[in-house]
Amino acid sequence: MAETKGKFDFAIDRGGTFTDVFARLPDGRERVLKLLSRDPQNYKDAPTEGIRRVLEEETSQAFPREQPVDTSLIGWIRMGTTVATNALLEREGERTALLVTQGFKDLLHIGTQARPKLFDLEVAVPEVLYEEVIEVDERVVLKQDGCQLPRKEPKRTVTGSTGDSLEVWRELDLERVEKDLRGVLSRGITSLAVLLLHSYTWSDHEKAVGALARRLGFTQVSLSSEVMPMVRAVPRGYTVCADAYLTPKIHQYLKGFTSGFKGGLKDVDVLFMQSDGGLTPMEQFCGSRAVLSGPAGGVVGYAITSYSQMEKKPVIGFDMGGTSTDVSRYAGQYEHVFEATTAGVTLQAPQLDINTVAAGGGSRLFFRSGMFVVGPESAGAHPGPACYRKGGPLTVTDANLALGRLLPSFFPKIFGPGENEPLSLEETMKHFHQLTQEINLFLSSNQSQVSKNGANHSHDSTSGMSVEEVAMGFIRVANEAMCRPIRALTQAKGHDTSQHVLACFGGAGGQHACAIARALGMKTVFIHKYSGVLSAYGLALADVVEEVQEPCSLQYEQRSFGELNRRVEQLSKRCRDTLCARGFISAQITTEVFLHLRYEGTDCALMVTSAGYPSNAQSCQAGDFRSAFTKRYMKEFGFTIPDRPIMVDDIRVRGCGKSGIKSVHKTKMGHGQAKPVTVTKCYFEEGYLDTSVYLWEELPCGHSIQGPAIIIDKNSTILVEPSCEAHLTEGGDVCLTVGSDRRCALGTELNTVQLSIFSHRFMSIAEQMGRVLQRTSISTNIKERLDFSCAVFGPDGGLVSNAPHIPVHLGAMQETVQYQIKSLGNKLKEGDVILSNHPCAGGSHLPDLTVITPVFRKGVSGPVFFVASRGHHADIGGITPGSMPPHSTSLQQEGAVFTSFKLVTGGVFQEEAVTEALMAPAQYPDCSGTRNLHDNLSDLRAQVAANQRGSQLVGELIDSYGLTVVQAYMGYIQSNAELAVRDMLRDFASRRRHQTGSLEVESEDFMDDGTPIRLRVQINEEEGSAVFDFTGTGTEVWGNCNAPRAITLSALIYCLRCMVGQDIPLNQGCLTPIKVIIPPGSILQPSQNAAVVGGNVLTSQRVVDVIFRAFEVCAASQGCMNNISFGSERKGYYETVAGGAGAGPGWNGRSGVHSHMTNTRITDPEILEKRYPVVLEQFSLRPGSGGEGRYCGGDGVMRKLLFRSKVVLSVLTERRSTRPYGLQGGEDGAAGLNLLHRADGRVLNLGAKTSISIQPGDMFCLYTPGGGGYGKEDDVKETTTRRPQTKRRRLNETFPERGSVFDYRMAQEGV
């Protein structure tokens, strides 16, 4: 299909700024071309213009711009485009309506209920894609064995595509739907997304609605059951909305594109790149599969060109552009994800796992509180970097220019207001001189501060840092920021980063490739001759792909193989038939079968191919999927569960029509040496060095160039660093061999650049510990809900770095480590690991088990560092399953207690002793020992393994730099956090003094039982310090709302970080300027055996409310986590539920979101109903529950659970009698309410905390609190609406990141 002899073939990547064209000419030659994507003065459409120019120049015939292009000379056109991505980022898609099952109109607004940025008080969540919602009166429910609902009316039973039986509880009311749809059409909306619950398996209702909508005249109708039939309503809903929102925009673009050609390209084979790396015919190209169309071509390009040439070594793709960098991996197979978030929209569709980080050539440079910071803010295309002469800020590009790594004379003159000037080195240097002055001023004024830590600056105060040292510092920090996702991407799946080749492409990557490869331990960098246009070249190499997928509910076992074989064959035939219809012959078609497999009772599903595992007597015909699954599970997670059944969630078949051109290598062996066109001065670690400059096109193949050198072509600049070597391959590609690190010995004096790099390194250690813990744990709580934290501590137990952040763990682990140091002292030996969870030893609540490992060093008597991991165990005994009883009155009722328990002694895991301790609660009345010993032991082993990894990484860091240097920088990082908090307190004190003349603030708030929490803060403006005094707070309570001291410290660190308002290392330095006074015997420092489970999840929220009220930061958020659990002896379920966020100066509170000390994701409605004996009748916002004001508080939610069998329901909530406060005249938010509707018609108010037996047919109705309003309503001009609009920002500025690494971090912060 790719053979079009005698014709021109085009592969075109239309990016946001540039359009890249790769053309294969009739005589076999190849041409590349780059032009602006938008240039309305000169042409309407960039791809059409690219084709026109090539045809005109190569045929010497006239192809006038104003006439449609003659297509008789064109063989095929392949395109990748960012049209869909940009429409999503700019929110400029088609006006769309969503039609959804009744009771769920706000389901996609609430989403997972987690907020995207943990410390942003203004919760900025991308708006939904639909303009209107229609609720449909219909309901389909999965049939459950053992359902005891007393329903009288007969129900229709149907069978879904998965084989599941379903009951139709309410038939579809098409008459009402028609009336609603006509109303929508009358308002000019012609695009419709349809999401009905459980339609992934039974789609009749959706199809009926779709047929009606098309008949009525909707031009785009997207059904969730057709767009992506996978279980989980929320991501499926986002996907179908994106499809309805984006597809018309794509069709609009295609219409414009084809109109530029004679006959509308009827006789030309036009293919578009999809997010999964496969091409599809133009008419099949749709919104939900188009979002990664642009970057996917680059992945195909480097995969096909680099992998084969690098002896099949796994490759990391590194595509560094202007605003961001894309990182991906290829090891013989494309790595796909099936759910990923782009611009705040979670799409459930096969996509290449492309990880975008907010660091590119245009990333801005900042110096904040003694720290070099790069990004995530970007200068964009306008105004662009300072050197573009349009008044832009300093960026990474400017730093490269300042160091002599970019040469203005080799750039086109397209800069300045008239777009006719060269890059401006003067403008860059002017900005750098200003910034260097600012840095040196800071360094000299903080000498005294640093001296207190027993060290001096490496740059003496008289000379300070030079401009070059500053620019170099920013480059190193940017490189470290880009290394972190690469480490995460490889290590998350158990791969060694250093065993990869770095394939570099995109405009800016070549300047950083050597440094990044060296930092990651890689020895080779491969840069293809078309690296500047590799996305376009990748399109030419790609295959046409047809994918089909359907859900399944079979167990992978012998008796299911017949049905599995039948369905696989059916899907494979569909793929083959479609590809044959597109002109492929059988010999060109291959199909690959994937099964989406997971162990029963877990959520960790893997999309598995049987490649390399042929079928046998114990497998289905498509291959030995059991072996493939267990092998991959072992590789990624470090264990398997041999006696657990394997479930098939989905069957997927990917058909490929081989159509890519072959990558042609032209040999032009050179004679004689490569000659530099000039020699320039370039700045490296050693200072300025003479650097030869070569033109890539003039380099003879087979020759090598020693660094330092610069290789330039039309579209990119490659920096060959000292001790690296560039070799030109036969195909004209550049292969760089990276020499070993020339690290200069670093002293203990403070170097501000190294400070930023060490900050990244310490954080990276904590992140990698977390990856090991998640991979090797077994329980749902840790493996899937990611309810854990990992951290590194200094020899004094002070927190150095904590990642990822679960707010309630922030300061608490430090208290635990310091307690062990005091308690055990020199009894700690190498090979010991400590287990602790007691509140008096820094514990938060008992299910959070902390495992602490001291790190020893030869020749040093005590531990030199500590590493620790804290994980939430699903059960550790006590009076109720889940170990979170709503009515406990003593610590013993909440489960097993560990104060300083040696979990590992001399390297031996103490299984017998820890088992005995976990079963010990059974000795107390009405209590049980742990109900899940197997998971407890497995997870504790995983925590030990995570600590082991942390200890090893700390050791490697010490090997590189020496113990004294690493410990010195640990101190500097803590000082940096301290400095940021002191600056914030000084700033607040100054404002406060001008307003009131007083440097003292106070506030109080109350728990539902009337217990006061009082706070007085005295600020010392000169020192930037404060005393937080909780004297006057109520006494310890009879119940479990007592909060250990560690909880108050966590809440305090969280509040300080929010008020600082910028990224700072979260460590003990945050609390250095703070003195905390908590009266012993109070609710915030209870006695040793007080019950505390509610203190962790409820009182922590009230402490935050009290602190923010004192500082008048914002109105109160819902102030509750709404802990709901239900279960029987066999099965239990636990969730926390969103509410309203408080408004603040300049913003409305977000509705239906988690706030402050929690950020847990909620279980999807379809998963909830599939696995538990409940029907979710309603999950929507609670209108009017947010406080009124100039800025309104967010609304709470309504959640109604109908129970299908007998269970015990436990409710642990707050703010049921006290309301979340408004601020500055804003009104209070509404209090929450817990109602139980009995099957016999009675309605009971359950109060804030209770445990109650539930009968089938009972319905629990949860109404969560709203957030407080901010400012008086009469401050608003009459003309404004109730909710003033907050500023709309382009989404790739606020949500630039995506990919599996980003989604993992979001999931971790959503705990």
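If you count by the numbering used here, then the sequence shown holds residues 224 to 1534, one letter each, in order.
Glycine residues also receive a C-beta, built at the ideal position from the N, C-alpha and C atoms.
Between Gly-1350 and Lys-854, the alpha-carbon positions lie close to 34 Å from each other.
The Cβ atoms of Ala-625 and Glu-691 sit closer than 9 Å to each other. Taking all protein chains in view, the Cβ of Leu-1467 is surrounded by fewer than 16 other Cβ atoms within 10 Å, so the residue is classified as exposed. Spatial neighbours of Thr-1153 in its own chain (CB-CB distance under 7 Å, excluding positions within 5 residues in sequence) are listed in chain order as Asp-1098, Ile-1099, Gly-1100, Ala-1119, Leu-1141, Met-1142 and Asn-1159. In the structure shown, Trp-1261 falls within a coil segment according to DSSP collapsed to helix, strand and coil.
A direct Cα-Cα distance of roughly 14 Å separates Ser-833 from Val-871. In the assembly as shown, Val-900 is an exposed residue. Its beta-carbon has fewer than 16 other beta-carbons within 10 Å. Using a Cβ distance threshold of 9 Å, Ser-1113 and Asn-1312 count as a contacting pair. Annotation: Arg-379 is outside any alpha helix (DSSP H); the continuous beta strand (DSSP E) that includes it extends over 379-382. Boundaries around Gly-761 are those of the alpha helix (DSSP H), 757-764, since no beta strand (DSSP E) includes it.
DSSP places Glu-272 in the helix class (H, G or I) of the three-state scheme.
Around the C-beta of Gln-571, 16 or more other C-beta atoms lie within 10 Å, and the residue is accordingly described as buried. Scanning the segment 1398-1481 for uninterrupted beta strand (DSSP E) segments of 3 residues or longer gives 1420-1426, 1430-1435, 1456-1460, 1466-1468 and 1472-1477, listed from N- to C-terminal end. Here the alpha carbons of Leu-397 and Val-724 stand approximately 58 Å from one another. Glu-600 is not bridged by DSSP to any residue. Distance from the CA atom of His-605 to the CA atom of Thr-1271, rounded to whole angstroms, is 46 Å. Pairing Trp-919 with Lys-1052 gives a Cβ-Cβ distance that is not under 9 Å.
CA-to-CA, the gap between Tyr-476 and Asn-265 works out to about 19 Å. Out of Asp-262, Val-255 and Leu-259, the CA that lies nearest to the CA of Glu-280 is found in Val-255. The continuous alpha helix (DSSP H) containing Gly-1173 extends over residues 1156-1184.
Residue pairing from DSSP places Cys-1484 in a beta bridge opposite Lys-1423 and Leu-1458. CA-CA distance, Glu-1358 to Tyr-1395, rounds to 13 Å.
One thing to note: Arg-1461 has its Cβ within 9 Å of the Cβ of Gln-1478.
Burial state of Ala-1035 is buried, judged by a 10 Å Cβ sphere holding 16 or more other Cβ atoms. Leu-1208 is positioned such that its CB atom lies no closer than 9 Å to that of Ser-1183. With contacts defined by Cβ atoms closer than 9 Å, Ala-581 and Thr-308 do not form a contacting pair. C-alpha of Gly-1292 to C-alpha of Ser-1310: approximately 28 Å in a straight line. Contact between the segment 435-453 and the segment 488-502 is absent, with fewer than three C-beta pairs closer than 8 Å. In the same chain as Tyr-906, and ignoring 5 residues on each side of it, the C-beta atoms closer than 7 Å to its own belong to Leu-626, Gly-627, Glu-691 and Met-695, in chain order. Burial is judged here by how many other beta carbons sit within 10 angstroms of a residue's own beta carbon; Asp-368 has fewer than 16 and is exposed. Pro-640 counts as exposed, since fewer than 16 other C-beta atoms from the protein chains shown sit within 10 angstroms of its C-beta. Fully enclosed beta strand (DSSP E) runs of no fewer than 3 residues occupy 492-496 and 502-504 of the segment 452-521, in order along the chain. Of the other Cβ atoms in all chains shown, 16 or more fall within 10 Å of the Cβ of Asn-623; this residue is therefore buried. Nearest to Ser-1226 by C-alpha distance, out of Tyr-1195, Glu-1335, Pro-1267 and Glu-1135, is Glu-1335. Annotation for Leu-1279: Val-1204 and Cys-1293 place their beta carbon closer than 6 Å to its own, counting only its chain and skipping 5 residues before and after. The criterion of a C-beta distance shorter than 9 Å is not satisfied by Ser-1002 and Ser-1123.
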